[in-house]
Each structure stands twice: as C-alpha cells, then as structure tokens.
Amino acid sequence: MSDTVHVLNGPNLNLLGTREPGIYGAATLADVEALCRAEGAQLGFDIVFRQTNSEGALVDFIQEARGARGIVLNAAAYTHTSVALRDAVSAVGVPTIEVHLSNVFAREAFRHQSFLSPVARGVICGFGPQSYVLGLRAIASLPPSS
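Numbering (the numbering used here), first residue to last: 3 to 148.
Next comes the structure, spelled out in structure tokens:
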C-alpha cells in the first residue's frame with residue numbers, strides 16, 4: 003500500500019475559472035491542483051492529479067490507481083451517466099471519495115442521481131475547491147489497507 007492518492011477529474015473541469023463561475027467559482031483547475039498538492043504534503047500523501055474529457059481515459063486512470071491509498075474522484079457529468087466508472091471504482095477496491103464543487107442536490111434533478119455514490123466510501127459536495135481538501139482528509143482518516 004502506497005501513500006499515493008489519485009485525484010481524478012472528469013469532463014469540462016479543464017474549463018474551471020471560466021466555465022459558469024456563478025456555479026463553479028473563479029478557481030482554475032491549476033488552483034485546485036495546487037490546493038490538493040499542498041494538502042497532500044500536509045497529510046504525507048503523494049498526489050497524482052489528472053483530468054480528462056474522455057470516459058474511457060477516466061476508467062483507465064481509476065484502474066491505474068490500484069494499490070493506492072485512495073482516490074478523490076470528481077467525475078463531473080459522468081457521475082450521473084457512467085456505469086463503466088461505477089464498475090471501475092468497484093473493481094479496483096481502492097477507497098474512493100466522490101467530490102463535487104457545487105451542491106449537486108441544489109441543482110437540476112438529473113444531477114441528484116449518482117452511479118458512483120453506492121460504491122464510493124463517501125460523498126462531499128458544495129464546498130468549491132475545499133471539497134477536494136475534505137476528500138483528501140477523508141482518505142487520511144481511513145486506516146491504510148494492507
């Protein structure tokens with residue numbers, strides 16, 4: 003078991019800072035990455051930070067996290083549509099925290115459904131970039147698997 007945590011990001015998160023700032027805020031994905039790296043250093047984690055707009059690539063990223071301490075996953079829109087991501091999270095057996103910048107339950111009804119929540123260790127939403135920090139802290143609170 004390594005002390006590596008994979009922070010994985012799905013579609014359109016590369017547009018943070020310019021995409022609907024009223025919903026997602028002004029922080030860029032680079033800002034979120036810097037925040038995660040700083041928090042990871044405090045917690046003793048090596049951070050692998052990745053983003054893709056491709057569902058298949060996100061499945062690959064999840065599979066590549068096998069053996070890691072945890073996954074912090076913002077699958078974005080794929081949260082609400084992807085059985086493939088759900089199956090990947092379930093298959094790797096790595097504690098996964100589902101995170102979202104916005105409060106998905108205060109938004110459109112279709113965002114209330116998550117294929118990931120049933121296989122995630124927990125869900126954190128609505129705290130902007132701090133959702134990621136809380137996700138990393140949640141991973142740190144879990145006993146390391148052997």
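Note that CB positions come from ideal geometry on N, CA and C, so glycine has one too.
Item	Value
Neighbour-count burial assignment, S148, 16 or more Cβ in a 10 Å radius	Here the model assigns S148 a pLDDT of 47, short of 50, so the residue's position is not dependable and the matter cannot be decided.
Rounded straight-line distance, which links the Cα of G42 to that of A36	10 angstroms
M3 to F129 span [Cα, whole Å]	The predicted position of M3 is uncertain, since its pLDDT is 48 and thus under 50; no value can be drawn from it.
Unbroken beta strand (DSSP E) run spanning G72, endpoints	72-76
Start and end residues, beta strand (DSSP E) containing V7	6-11
Boundaries of the alpha helix (DSSP H) in which G58 is found, first to last residue	57-66
For N55 and A29, the rounded distance between their alpha carbons	19 angstroms
Counted within 10 angstroms of its Cβ, other Cβ atoms place N11 as buried (16 or more) or exposed	buried
Within 9 angstroms, strictly: CB atoms of G124 and V96	no
Reduced DSSP category for V101 - H, G, I as helix; E, B as strand; rest coil	strand
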